[in-house]
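S.K.: There's a structure below that I have some questions on.
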């Protein structure tokens, strides 16, 4: 029996964003194995508060769950301090002395074989596990410094560009230094796994994507409107939607409607023809099923494109960018439509809006892709095998 201390930077439930989906997926694999016993400890923040009632009852019955509060709100003075000290403020926000003390207390009372840590942002707690000779596996949702590199590259304000590049450099220094001290790395994409293996060849590395459960019933392909659902407090989403609204549909939509939904949207009032700002939705699945064509205008980011795969599992027709499919392996005209610039993006939207057969073909082939590559049994077997080899 492998005893795993699973440590996440946000709760697995409710499924508010791609990070929560990824965390809940790996916990599901751990719970499905009779070879593993799991203790789940999560940070609780203002953006992602811990709500025990949001977790499935069966999960609560089969693993210990605990949480610690951390204030991750950005403080300009603290940010300036870390800038002067040339240390990563992105990482420092997740460290808290009370959380450190609580984890230390848990480790004193219970024995664990492996600490499975979600994201590099929790590596400031690494020494706690080392002190107990616990093997450490980091699950890297992204190559974090590359996400910030990409955002910096697209920034237009010179001062903002400089600051974002600085954050990226600090993150890279932190990643390189601290990932060399772990026993294993699980990335979400093969592309990321290759990157980690190149600069840390002595550390066992693999890629295990999240589990996605395809919808049995076909989507309603008669629906021909457009939608986007994503957290609007995540910089790549903000950047992508701004590009979409200003460059792809600067005059709004004629003959159709675009529904924009997600966390932190209440502050954004968009007055354009055909644009409907919904705000945060209580039931993401219901919102997606009520609309037709998924729009993912991503210009930067990293790791696996959770929203892409989530919509593919539901059999939705999708138009996105090259960045929106990076690391997934889908093909233009087969599972999705891919656009390289605003004119192409507009053209692909127009095609999908007019063509029922195209919507149906792409949606069904997208769902089949999920069935072939993201099955629960296959991915659980890979995870447990990796943990045994550590």
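Residue numbers (our numbering): 3 to 392. Just so you know, even glycine gets a beta-carbon here, dropped at the ideal spot from N, CA and C. Note that this is a predicted model, so its numbers are computed, not measured.
Look up residue 254 in the DSSP assignment and say whether it is helix, strand or coil.
M.R.: coil
S.K.: Does DSSP put residue 118 in a helix, a strand or coil?
M.R.: strand
S.K.: Candidates 320, 110, 392: which alpha carbon is nearest residue 133's?
M.R.: Each of 320, 110, 392 was checked against the Cα of residue 133, and the nearest Cα belongs to 110.
S.K.: Just to confirm the assignment: which complete beta strand (DSSP E) runs, minimum length 3, are found wholly within the region 159 to 213?
M.R.: 186 to 189, 206 to 209
S.K.: How would you call residue 359, buried or exposed, if buried means at least 16 neighbouring beta carbons within 10 angstroms?
M.R.: exposed
S.K.: Can you list, in chain order, the residues of its chain with a C-beta nearer than 8 Å to that of residue 51? Leave out the 5 residues immediately preceding and following it.
M.R.: 13
S.K.: Sort 146, 145, 165, 144 by Cα distance to residue 154 and report the nearest one.
M.R.: Checking every option, the nearest Cα to that of residue 154 belongs to 165.
S.K.: Since residue 198 contacts residue 189 with CB under 8 Å, what's their CB separation in whole angstroms?
M.R.: About 6 Å; that satisfies the 8 Å criterion.
S.K.: Which residues share a DSSP beta bridge with residue 44?
M.R.: 10, 69
S.K.: How do the region 339 to 352 and the region 320 to 328 stand: do at least 3 beta-carbon pairs fall below 8 Å, yes or no?
M.R.: yes
S.K.: Just curious, the alpha helix (DSSP H) that residue 295 is in, first and last residue?
M.R.: Note, residue 295: premise wrong, no alpha helix (DSSP H); beta strand (DSSP E) at 295 to 298.
S.K.: Is the CB-CB distance between residue 381 and residue 211 below 9 Å?
M.R.: yes
S.K.: Which residues does DSSP pair with residue 230 in a beta bridge?
M.R.: 262
S.K.: DSSP has residue 339 in a bridge; who is on the other side?
M.R.: 321
S.K.: Whole angstroms are fine: how far does the CA of residue 183 sit from the CA of residue 336?
M.R.: 42 Å
S.K.: Do you know offhand how far residue 31's Cα is from residue 57's?
M.R.: 15 Å
S.K.: Any idea what DSSP makes of residue 273, helix, strand or coil?
M.R.: Three-state result, residue 273: coil.
S.K.: From residue 82 to residue 98, what distance separates their C-alpha atoms?
M.R.: 19 Å
S.K.: Could you give the DSSP three-state label for residue 147: helix, strand or coil?
M.R.: helix
S.K.: Flag this pair as touching only if the region 60 to 67 and the region 134 to 152 have three or more C-beta atom pairs under 8 Å; answer yes or no.
M.R.: no
S.K.: In whole angstroms, give me the CA-to-CA distance for residue 302 and residue 250.
M.R.: 16 Å
S.K.: Grouping DSSP H, G and I as helix and E and B as strand, with all else coil, what is residue 142?
M.R.: strand
S.K.: Shortest alpha-carbon distance to residue 3 belongs to which of 59, 116, 127, 46?
M.R.: Considering only alpha carbons, the answer is 116.
S.K.: Taking 8 Å as the cut-off, does the region 277 to 296 touch the region 381 to 391 (at least 3 CB pairs, one atom from each stretch)?
M.R.: no
S.K.: For residue 108, which residues in the same chain have their Cβ closer than 8 Å to its Cβ, ignoring the five residues on either side in sequence?
M.R.: 7, 41, 43, 68
S.K.: Drop a sphere of 10 angstroms on the beta-carbon of residue 238, count the other beta-carbons inside from all chains shown, and report buried for 16 or more, exposed for fewer.
M.R.: Burial call: buried.
S.K.: Short check: CB of residue 275 to CB of residue 256, under 9 Å?
M.R.: Yes; because the gap between Cβ atoms is below 9 Å, this pair is in contact.
S.K.: In three-state terms, what does DSSP make of residue 23?
M.R.: Of the three classes helix, strand and coil, the one that applies to residue 23 here is helix, per DSSP.
S.K.: Whole angstroms are fine: how far does the CA of residue 293 sit from the CA of residue 364?
M.R.: 16 Å
S.K.: Verify whether the separation of the beta carbon atoms of residue 35 and residue 72 is less than 9 Å.
M.R.: no
S.K.: On the three-state DSSP scale, how would you describe residue 38?
M.R.: Of the three classes helix, strand and coil, the one that applies to residue 38 here is strand, per DSSP.
S.K.: Out of 170, 101, 264, state which residue places its alpha-carbon closest to the alpha-carbon of residue 9.
M.R.: Of the candidates 170, 101, 264, the one whose C-alpha sits nearest the C-alpha of residue 9 is 101.
S.K.: When you compare only the Cα positions, how much space is there between residue 60 and residue 215?
M.R.: 18 Å
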